[in-house]
Amino acid sequence: MLRIEDLCLEAGSGVLVDGIDLSVDEGEMLGLVGESGCGKTITALSVLGLLPSQAVRVTRGRILFNGRDIARLGDDEMNAVRGNDISMIFQEPMTSLNPVMTIGDQIGEGLALHRALEGAEQAAEVDRLLALVGLPNGRDQRRKYPHQLSGGQRQRVMIAMALACEPSLLIADEPTTALDVTIQAQILDLIGEMRARFGMACVLVTHDLGVVAETCDTVAVMYAGRIVEQGPVADVFRNPRHRYTEALLRTIPAANRPGSALPAITGTVPQPGARPPGCAFAERCSSELSQCVGERPPRVGEAEHFAMCWNPAS
-3 MLRIEDLCLE
7 AGSGVLVDGI
17 DLSVDEGEML
27 GLVGESGCGK
37 TITALSVLGL
47 LPSQAVRVTR
57 GRILFNGRDI
67 ARLGDDEMNA
77 VRGNDISMIF
87 QEPMTSLNPV
97 MTIGDQIGEG
107 LALHRALEGA
117 EQAAEVDRLL
127 ALVGLPNGRD
137 QRRKYPHQLS
147 GGQRQRVMIA
157 MALACEPSLL
167 IADEPTTALD
177 VTIQAQILDL
187 IGEMRARFGM
197 ACVLVTHDLG
207 VVAETCDTVA
217 VMYAGRIVEQ
227 GPVADVFRNP
237 RHRYTEALLR
247 TIPAANRPGS
257 ALPAITGTVP
267 QPGARPPGCA
277 FAERCSSELS
287 QCVGERPPRV
297 GEAEHFAMCW
307 NPAS
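In my numbering, the protein residues as written are -3 to 310.
Next comes the structure, spelled out in structure tokens:
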């Protein structure tokens, strides 16, 4: 369904995303994980054609959706895809929702654009979508503004907006940010339920490995603008191959050691303009070899579970 090939995104500060390959099959849920600033969100925005045009540009690669290179589409063609075939739940709904528009008007925009629904027919569909995501009494809810809703309710509205046209691919960018644990679980359950109901593929952008373990089929680990490992969740978490993935998993706090120091990865992520030609993780890696910094690492493993590493962990 979605296939990203050798995608490179550049800005004035340097290369943000450096030749990544990523694929999502029909009905699959892929977790895209990594530290803040590694390129997860900018990659997701590139799929939807929402890159800041004056600041970030696609310099290489293709983004294939059902065999069509959507990275080369014009504005009108992309508008027909965005929200209709591919939808996105943006990070932090309080800043993503328009503060001066009612909830009903915001959901209704997509219904008018892609499904030509207006008036009473549109209002009825808004009510149905709100009920679908757990917000009953649609007539009252759609008259509210974002600030009148709780964080969990706003996130449900974002999901309703994303599902309005029953897309075949849903991208969820940190959908549980700033929500308490109970509401997080409800939102993730809702996304899973909607995915099953509509048969959607889903890309979950997150830094929470526990969420990926519970909800995703496959996982892609991103570091400094590159995919360093990808494979089935159980395989990657049980037998990590890239040293960064291995280090990430070690940072998960152990419940049976209360009071112990939290594990951490020493060092910092290199900035886009200061990344080495080889492995960007090399200077933080305890298993670094002489060629790691200077030479781009090879792809090791199988097609289903691979890593880009000179000295893989397994």
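Where a beta carbon is used, it is the ideal one built from N, C-alpha and C, also for glycine.
Every value quoted in this text rests on a predicted model; they were computed, and no experiment measured them.
Original post:
residue 227 bridges to which residues according to DSSP?
Top reply: Taking the first residue of the sequence shown as position 1, residue 227 is located at position 231. The beta-bridge partner set that DSSP reports for residue 227 consists of 215.
Subject >> Contained alpha helix (DSSP H) runs [length at least 4] in the stretch 21 to 83, N- to C-terminal order >> reply: For the stretch 21 to 83, whole alpha helix (DSSP H) runs of length 4 or above, ordered along the chain, are 36 to 43 and 71 to 77.
**OP:** With DSSP collapsed to three states, give me the class of residue 302.
**Re:** Locating residue 302 in the sequence shown gives position 306, where the first residue counts as 1. Under the three-state reduction of DSSP, residue 302 is assigned to strand.
Subject >> Separation of residue 77 from residue 109, as counted between CA atoms >> reply: The count along the sequence shown starts at 1 and reaches residue 109 at position 113. The count along the sequence shown starts at 1 and reaches residue 77 at position 81. A straight line joining the alpha-carbon of residue 109 with that of residue 77 spans about 11 Å.
Original post:
How should residue 61 be labelled, buried or exposed, when 16 other C-beta atoms within 10 angstroms of its C-beta is the threshold for buried?
Top reply: As a first step, residue 61 is located in the sequence shown; it is residue number 65 there, counting from the start. Buried.
Subject >> DSSP beta-bridge partners of residue 185 >> reply: Residue 185 sits at position 189 when you count from the first residue of the sequence shown. Residue pairing by DSSP places residue 185 in no beta bridge whatsoever.
**OP:** Go ahead and pull the three-state DSSP assignment for residue -1.
**Re:** By one-based count along the sequence shown, residue -1 stands at place 3. It is a strand residue.
Subject >> Cα-Cα separation, residue 23 to residue 183 >> reply: Working through the sequence shown from its first residue, we reach residue 23 at position 27. Working through the sequence shown from its first residue, we reach residue 183 at position 187. Rounded to the nearest whole angstrom, the CA to CA distance from residue 23 to residue 183 is 19 Å.
Original post:
Quick one: what's got a C-beta closer than 7 Å to residue 95's C-beta in the same chain, skipping five residues either side?
Top reply: Start at 1 with the first residue of the sequence shown, and residue 95 comes out as number 99. Closer than 7 Å at Cβ, skipping near neighbours: 141, 142 and 143.
Subject >> Bridge partners - residue 14, DSSP secondary structure assignment >> reply: Sequence index remark: in the sequence shown, residue 14 carries index 18 (1-based). Residue pairing for residue 14: DSSP places it in a beta bridge opposite 4.
**OP:** Report the residue from 288, 51 and 72 whose alpha carbon sits nearest the alpha carbon of residue 339.
**Re:** Nothing in the structure corresponds to residue 339, since the chain is present only between -3 and 310.
Original post:
Excluding sequence positions up to five away, which residues of its chain have a Cβ less than 6 Å from the Cβ of residue 19?
Top reply: Reading the sequence shown from its first residue, position 23 is the one you call residue 19. Taken in chain order, the residues that qualify are -1.
Subject >> Same chain only: Cβ atoms within 8 Å of residue 276, ignoring 5 sequence neighbours per side >> reply: Here residue 276 is taken as the residue at index 280 of the sequence shown, counted from 1. Sequence-distant partners of residue 276 (beyond 5 residues in either direction) whose C-beta falls short of 8 Å from its own C-beta, in its chain, are 219, 220, 221, 222, 265 and 266.
Original post:
What's the C-alpha gap between residue 234 and residue 114?
Top reply: Here the question's residue 234 lines up with position 238 in the sequence shown. Here the question's residue 114 lines up with position 118 in the sequence shown. The alpha-carbon separation between residue 234 and residue 114 amounts to approximately 51 Å.
**OP:** Return the residue from the list 89, 5 and 255 that minimises the CA-CA distance to residue 175.
**Re:** Counting from one through the sequence shown, the residue named residue 175 turns up at place 179. Checking every option, the nearest Cα to that of residue 175 belongs to 89.
**OP:** Kindly indicate which three-state DSSP category residue 295 falls into: helix, strand or coil?
**Re:** By 1-based counting over the sequence shown, the position of residue 295 is 299. Residue 295: strand per DSSP, three-state reduction.
**OP:** Take every Cβ of the stretch 150 to 167, pair it with every Cβ of the stretch 188 to 195, and state whether three or more of those distances are shorter than 8 Å.
**Re:** These segments touch.
Original post:
Tell me which same chain residues have a C-beta within less than 7 Å of the C-beta of residue 121, skipping the five on either side of it?
Top reply: If you number the sequence shown from 1, residue 121 lands on position 125. Excluding five sequence positions before and after residue 121, the CB atoms of its chain that fall closer than 7 Å to its own CB belong to 107 and 113, given in chain order.
Original post:
Are residue 297 and residue 273 touching if we call contact CB-CB under 8 Å?
Top reply: What you label residue 297 is simply residue 301 of the sequence shown in a count that begins at 1. What you label residue 273 is simply residue 277 of the sequence shown in a count that begins at 1. No. Outside cutoff.
Original post:
Quick one: what does DSSP say residue 92 is sitting in, helix, strand or coil?
Top reply: Position 96 of the sequence shown holds residue 92. When DSSP states are grouped into helix, strand and coil, residue 92 belongs to the helix group.
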